[in-house]
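Taken in order, these protein sequences are the chains called A and B. For the first sequence, our numbering puts the final residue at 426, and the numbers step up evenly by one. For the second sequence, our numbering puts the final residue at 426, and the numbers step up evenly by one. From the three backbone atoms N, C-alpha and C, an ideal C-beta is built for every residue, glycine too. Only a predicted model underlies this, so the values are computations on that prediction, with no experimental measurement involved. Contents: one structure, followed by commentary.
There are 2 protein chains.
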Amino acid sequence: MLKPSLRGEKMPASPIRKLVPFAEAAEKKGTKVLYLNIGQPDIETPPSIVNAVKEANIPILAYSHSAGNISYRKKLTGYYKHLGIDLTSEQIIVTAGGSEAIVFAMMSCMYLEDEIIIPEPFYANYNGFAVMAGVKIVTVTANIENGFALPPIDAIEKSITPKTKAILICNPNNPTGYLYSDREMKQLEEICLKHQLFFISDEAYREFTYEGIAASALHLKKIEEQVVVIDTISKRYSACGARIGAFITKNRELYAAAMKFAQARLSPPGLAQILGEAAIDLPENYFDAPKAAYQSRRDLLVKRLNAMPGVFCPNPGGAFYVVAKLPIDDGDRFCQWMLESFSHNGKTVMMAPASGFYNTPGLGKNQVRMAYVINNENIDAAMDCLEEALKVYPGKVD
Amino acid sequence: MLKPSLRGEKMPASPIRKLVPFAEAAEKKGTKVLYLNIGQPDIETPPSIVNAVKEANIPILAYSHSAGNISYRKKLTGYYKHLGIDLTSEQIIVTAGGSEAIVFAMMSCMYLEDEIIIPEPFYANYNGFAVMAGVKIVTVTANIENGFALPPIDAIEKSITPKTKAILICNPNNPTGYLYSDREMKQLEEICLKHQLFFISDEAYREFTYEGIAASALHLKKIEEQVVVIDTISKRYSACGARIGAFITKNRELYAAAMKFAQARLSPPGLAQILGEAAIDLPENYFDAPKAAYQSRRDLLVKRLNAMPGVFCPNPGGAFYVVAKLPIDDGDRFCQWMLESFSHNGKTVMMAPASGFYNTPGLGKNQVRMAYVINNENIDAAMDCLEEALKVYPGKVD
């Protein structure tokens with residue numbers, strides 16, 4: 029059989045999805061699996077934005093502008109204006125989810141073998157995008173003990189080489205939920221200014237913050253032309269399946285370069301752009317309910333986790349994830365064991381081993397990521413399971 | 029200003045879209061522009077498939093399976109079965125248009141600096157995808173005099189180097205409309221077998237053939253595990269804006285590699301998958317009307333072109349494009365002049381200079397590509413314009 033390319037080989041499998049066969053097997057046995065492994069919100073997609081698609085008159089579903097419909101981009105400028113960010117419609121490219129925006133960012137900012145600095149743990153699919161773009165991820169390690177705050181700036185500076193072209197953060201963070209402080213954002217601004225690096229800021233979870241607000245990289249005036257913001261409607265409006273995101277930059281030349289990537293693939297998804305555009309018209313208080321739901325889940329989850337012997341979970345400021353340290357030998361083994369060999373009251377829990385979010389071998393071995401995308405009753409049931417599981421897990425470490 | 033990467037620089041601008049500012053200027057002057065430059069059909073999107081989206085119950089627009097909804101993939105196997113092709117749902121990855129499928133194919137079949145052989149003229153965006161994938165396109169030249177048939181097989185064989193990993197064709201062809209014969213497909217099969225190359229076959233226009241039927245690469249039994257078919261609903265159902273395509277292979281390892289690219293970007297567009305799935309249920313005679321419309325347009329366009337002094341246009345067997353040779357010095361200059369300086373009865377024509385579809389410098393200089401995506405009345409008006417234009421164009425060549 030003709031073999032795939034070395035790139036196909038290098039491409040990492042999704043660490044979030046690799047336990048799926050074990051979950052399926054558990055369900056087949058009749059065990060109810062509580063899914064904390066994946067960032068698919070259970071929040072309803074606002075019916076008004078789905079209805080906007082249903083009510084649209086579409087005689088010919090034609091290619092849109094490669095940067096996205098101008099009506100949508102104009103409305104998006106209003107959304108950012110509301111956040112205190114001045115943009116024009118010629119600084120926004122609508123993309124197929126945040127994913128495509130990251131690929132455009134990596135490809136337009138970086139050439140083959142260039143390096144990008146990312147604090148670890150980080151969203152595992154950045155690895156895949158880096159393989160696609162042929163660039164190298166260099167990590168600086170964030171520490172669970174201080175809640176995964178930005179690693180010391182001198183550690184970041186020490187990682188900079190002549191090949192470094194960009195720093196990438198996700199704020200609030202997936203997988204840690206960490207919300208970067210204004211001071212940390214300023215530190216990143218200074219280092220990008222000093223070393224003339226692009227600053228790629230993935231702000232997918234912008235609205236979901238529980239301790240203060242998320243500072244957008246677009247607020248960093250000194251590096252205004254070095255910033256690329258990655259955005260998406262996936263989590264914001266619980267519309268993950270729409271595949272609508274955005275690549276945003278005030279750097280004209282970078283925008284022009286990214287537009288060539290956008291033109292090659294002709295246009296972003298058309299039906300979902302209608303949905304995205306309608307979302308801008310949601311009432312201002314739209315976020316109150318999902319935000320309150322997430323906050324209450326976070327509070328419950330963090331409280332339950334920290335009440336378990338040997339467990340430590342920082343209280344994250346945003347997004348809908350936590351990374352917790354468990355008294356276990358190996359998160360991969362533990363998560364698989366939970367699905368294969370454990371149940372409590374007919375239930376078990378699926379979590380994501382945190383090792384998949386670290387690039388440095390051996391890190392995060394006793395950590396797991398949980399997405400609080402199920403309701404409080406289920407979170408309580410999941411924590412009951414976890415508590416019991418930790419009592420009997422054969423690989424328990426004291 | 030921080031500069032984009034060398035890749036951003038290398039990335040080609042779309043040759044189809046670069047005349048857009050001149051067309052806009054012509055319209056501002058009050059000239060009616062007849063658009064033959066771009067493959068956006070004027071055929072109605074079947075209302076039933078748009079309605080399938082409108083009638084869907086979507087409480088949460090969640091991520092679909094990374095390979096696309098299983099219900100859709102299962103239905104797609106029925107579509108291929110009808111073409112005499114046996115596939116399972118685990119041999120299909122639903123993609124964001126044919127574009128994403130081409131990127132997945134190039135990336136999973138080829139590593140950085142590998143070579144892919146493509147007959148020129150070819151769909152210009154392949155260049156962009158090759159830059160994204162960091163691979164090199166090697167061309168063999170097809171000739172307008174024999175209707176852009178497959179170049180001699182020894183010319184293809186001579187282009188093969190140790191770095192060659194794949195041959196790519198588009199059948200029926202964009203931009204030439206050429207429909208590869210069974211004999212040519214067999215020749216390609218033999219050469220791929222002999223040199224152990226992947227055969228990537230872009231079959232976007234499969235249904236639109238006017239002289240016989242298009243042989244799918246999936247019918248080539250000897251290289252069954254070397255074939256990747258690129259598919260899309262864009263032209264088939266006049267649903268270009270949906271962004272739904274497919275990557276298809278019977279090579280299990282290649283499929284697994286491509287799936288890792290698919291998982292990194294999470295899922296293909298969700299709303300449009302509903303539309304794609306509904307399209308499989310269109311009545312068998314659905315294609316009769318659009319096919320008849322295209323065929324009648326082709327007949328008219330080719331007849332009108334060949335009736336003009338010094339013009340030669342082969343009669344293409346499929347798709348909805350022709351490449352014609354005109355008695356002109358330079359297609360880029362001519363197409364721009366048509367928009368800037370010419371009108372006839374208040375009208376002018378936008379065409380795509382063919383030079384953008386060749387990689388060999390200097391080729392196709394006196395050729396233009398026209399997409400017959402406007403009705404016969406407008407084609408007649410466009411040909412009236414072209415006929416008059418050729419009489420007065422200052423760069424006319426006898």
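### Cutoff 9 Å: residue 342/A Cβ touching any chain B Cβ
Position 314 of the first sequence, counted from the start, is the residue given in the question as residue 342/A. False, the Cβ-Cβ gap to chain B never drops below 9 Å.
### Query
chain B partners of residue 281/A, CB-CB under 9 Å?
Mapped onto the first sequence, residue 281/A falls at position 253. Those are 29, 30, 31, 32 and 36, listed as they occur along chain B.
### Task
Just grab the DSSP bridge partners of residue 23/B for me.
Within the shown structure, residues of chain B are numbered from 29 to 426, placing residue 23/B beyond reach of any answer.
### Per-residue contacts from residue 91/A into chain B (C-beta, under 7 Å)
Looking up residue 91/A in the first sequence gives position 63. Contact annotation for residue 91/A against chain B: 68, 268 and 269 [CB-CB distance below 7 Å, chain order].
### Query
With a cut-off of 9 Å, does the C-beta of residue 157/A fall near any C-beta of chain B?
By one-based count along the first sequence, residue 157/A stands at place 129. Yes, contact with chain B.
### Task
Closer than 6 Å by C-beta to residue 172/B: which residues in its own chain qualify, once you throw out the five before and the five after it? Chain order, please.
Here residue 172/B corresponds to residue number 144 of the second sequence, with the count starting at 1. Correct list, in chain order: 353.
### Task
Within its chain, find whatever has a CB closer than 6 Å to the CB of residue 50/A; leave out the 5 residues flanking it on each side and keep chain order.
Position 22 of the first sequence, counted from the first residue, corresponds to residue 50/A. Its chain contains 364, 367 and 368 as the residues whose beta carbon lies nearer than 6 Å to that of residue 50/A, once the 5 sequence neighbours on both sides are disregarded; these appear in chain order.
### Task
Name, in chain order, the residues that DSSP records as bridge partners for residue 62/A.
For this step, residue 62/A is matched to residue 34 along the first sequence. Answer is 377/A, bridged to residue 62/A.
### Query
Does the beta carbon of residue 160/A sit closer than 9 Å to a beta carbon anywhere in chain B?
By 1-based counting over the first sequence, the position of residue 160/A is 132. The beta carbon of residue 160/A falls within 9 Å of a beta carbon belonging to chain B, placing the residue at that interface.
#### Entry: residue 48/B to residue 261/B span [Cα, whole Å]
On the second sequence, residue 48/B is found 20 positions in, with the first residue counted as 1. On the second sequence, residue 261/B is found 233 positions in, with the first residue counted as 1. Roughly 26 Å separates the two Cα atoms.
### Query
In whole angstroms, what is the alpha-carbon distance linking residue 32/A and residue 38/A?
On the first sequence, position 4 is the one that residue 32/A refers to. On the first sequence, position 10 is the one that residue 38/A refers to. Looking at the backbone, the Cα of residue 32/A and that of residue 38/A are separated by about 10 Å.
### Query
Tell me which same chain residues have a C-beta within less than 6 Å of the C-beta of residue 250/B, skipping the five on either side of it?
Locating residue 250/B in the second sequence gives position 222, where the first residue counts as 1. Cβ within range, chain order: 217 and 221.
### Beta bridge counterpart(s) of residue 320/B as assigned by DSSP
Reading the second sequence from its first residue, position 292 is the one you call residue 320/B. Under the DSSP definition of a beta bridge, residue 320/B lacks any partner.
### Task
Using only alpha-carbon positions, find the residue among 273/A, 137/A and 270/A that is nearest to residue 280/A.
As a working mapping, residue 280/A is identified with position 252 in the first sequence. If we check each option's Cα against that of residue 280/A, 137/A comes out closest.
### Query
Residue range of the alpha helix (DSSP H) that residue 361/A falls in?
As a first step, residue 361/A must be located in the first sequence, where it is residue number 333. 359 to 369 is the span of the alpha helix (DSSP H), which, as asked, contains residue 361/A.
### Message
Please report whether the beta-carbon of residue 88/B lies at a distance below 9 Å from any beta-carbon of chain A.
### Response
By one-based count along the second sequence, residue 88/B stands at place 60. It does: the Cβ of residue 88/B has a partner Cβ on chain A nearer than 9 Å.
### Task
To the nearest angstrom, report how far apart residue 413/B and residue 405/B are at their CA atoms.
Residue numbering aside, residue 413/B sits at position 385 when the second sequence is read from its first letter. Residue numbering aside, residue 405/B sits at position 377 when the second sequence is read from its first letter. When rounded, the distance between both Cα atoms is 13 Å.
### Message
Once DSSP output is grouped into helix, strand and coil, what is the label at residue 68/B?
### Response
Here residue 68/B corresponds to residue number 40 of the second sequence, with the count starting at 1. Coil at residue 68/B, not helix or strand.
### Query
If you measure beta-carbon to beta-carbon, which residues of the segment 363 to 395 of chain B are closer than 9 Å to chain A?
Here the close residues number zero.
### Task
Select from 295/B, 208/B and 190/B the residue whose C-alpha is nearest the C-alpha of residue 174/B.
Within the second sequence, the letter at position 146 stands for residue 174/B. Of 295/B, 208/B and 190/B, the residue nearest in Cα terms is 208/B.
#### Entry: Spatial distance of residue 371/B from residue 416/B (CA atoms)
Position 343 of the second sequence holds residue 371/B. Position 388 of the second sequence holds residue 416/B. The straight-line gap from Cα to Cα measures roughly 9 Å.
### Query
Quick one: is residue 116/B near chain A, going by C-beta distance under 9 Å?
Along the second sequence, read from residue 1 onward, the residue named residue 116/B stands at position 88. Not a single CB atom of chain A sits nearer than 9 Å to the CB of residue 116/B.
### Query
Do residue 371/A and the ligand HEM come close, with the Cβ less than 8 Å from some heavy atom?
Summarising the ligand content, the structure contains no ligands, and the ligand HEM is consequently not present.
### Paired residues, beta bridge with residue 349/B - DSSP
Within the second sequence, the letter at position 321 stands for residue 349/B. Checking the DSSP bridge columns, you'll see residue 349/B partnered with 399/B.
#### Entry: Runs of alpha helix (DSSP H) wholly within the segment 201 to 262 of chain A (minimum 4 residues, chain order)
Listed in chain order, the alpha helix (DSSP H) elements of length 4 or more contained wholly in the segment 201 to 262 of chain A are 210 to 223.
### Query
For residue 73/B, is the classification buried or exposed, using 16 other Cβ atoms within 10 angstroms of its Cβ as the cut-off for buried?
If you number the second sequence from 1, residue 73/B lands on position 45. Classification for residue 73/B: buried.
### Message
Whether or not the segment 342 to 361 of chain A and the segment 392 to 404 of chain A are in contact is what I'm after, with contact meaning three or more pairs of Cβ atoms, one per stretch, closer than 8 Å; do they touch?
### Response
Taking 8 Å as the limit for Cβ pairs, the verdict is that the segment 342 to 361 of chain A does touch the segment 392 to 404 of chain A.
### Task
Compute the Euclidean distance between the alpha carbons of residue 421/A and residue 375/A, then round it to the nearest angstrom.
In the first sequence, counting from the first residue as 1, residue 421/A sits at position 393. In the first sequence, counting from the first residue as 1, residue 375/A sits at position 347. Looking at the two C-alpha atoms, the distance is approximately 16 Å.
### Query
Are at least three pairs of beta-carbons, each pair with one atom in the segment 103 to 123 of chain B and one in the segment 133 to 151 of chain B, less than 8 Å apart?
Contact between the segment 103 to 123 of chain B and the segment 133 to 151 of chain B is absent, because fewer than three Cβ pairs lie under 8 Å.
### Task
Report yes if the CB atom of residue 272/B is closer than 9 Å to the CB atom of residue 291/B, and no otherwise.
Within the second sequence, numbered from 1, the residue matching residue 272/B stands at position 244. Within the second sequence, numbered from 1, the residue matching residue 291/B stands at position 263. With contacts defined by Cβ atoms closer than 9 Å, residue 272/B and residue 291/B do not form a contacting pair.
### Reference residue 335/A, options 411/A, 309/A and 287/A, closest by Cα
The residue you call residue 335/A lines up with position 307 of the first sequence. Nearest C-alpha to residue 335/A: 411/A.
### Query
Alpha carbon to alpha carbon, how far is residue 329/A from residue 29/A?
Along the first sequence, read from residue 1 onward, the residue named residue 329/A stands at position 301. Along the first sequence, read from residue 1 onward, the residue named residue 29/A stands at position 1. Approximately 48 Å between the Cα atoms of the pair.
### Query
Can we say the segment 102 to 110 of chain B touches the segment 294 to 308 of chain B, given the rule of at least three CB pairs closer than 8 Å?
Put simply, the segment 102 to 110 of chain B touches the segment 294 to 308 of chain B. At least three CB pairs are less than 8 Å apart.
### Task
For residue 196/A, go through chain B and note every residue whose CB falls closer than 8 Å to its CB, in chain order.
As a working mapping, residue 196/A is identified with position 168 in the first sequence. Simply none; closest approach about 15 Å.
### Task
Measure the C-alpha to C-alpha separation of residue 81/A and residue 126/A and round it to an integer number of angstroms.
Within the first sequence, residue 81/A is the residue found at index 53, counting from 1. Within the first sequence, residue 126/A is the residue found at index 98, counting from 1. If you take the alpha carbons of residue 81/A and residue 126/A, they lie about 21 Å apart.
### Query
For the candidate residues 341/B, 373/B, 198/B and 258/B, whose alpha-carbon lies nearest to that of residue 61/B?
Translated into positions along the second sequence, residue 61/B becomes position 33. When each option's Cα is compared against that of residue 61/B, the closest is 373/B.
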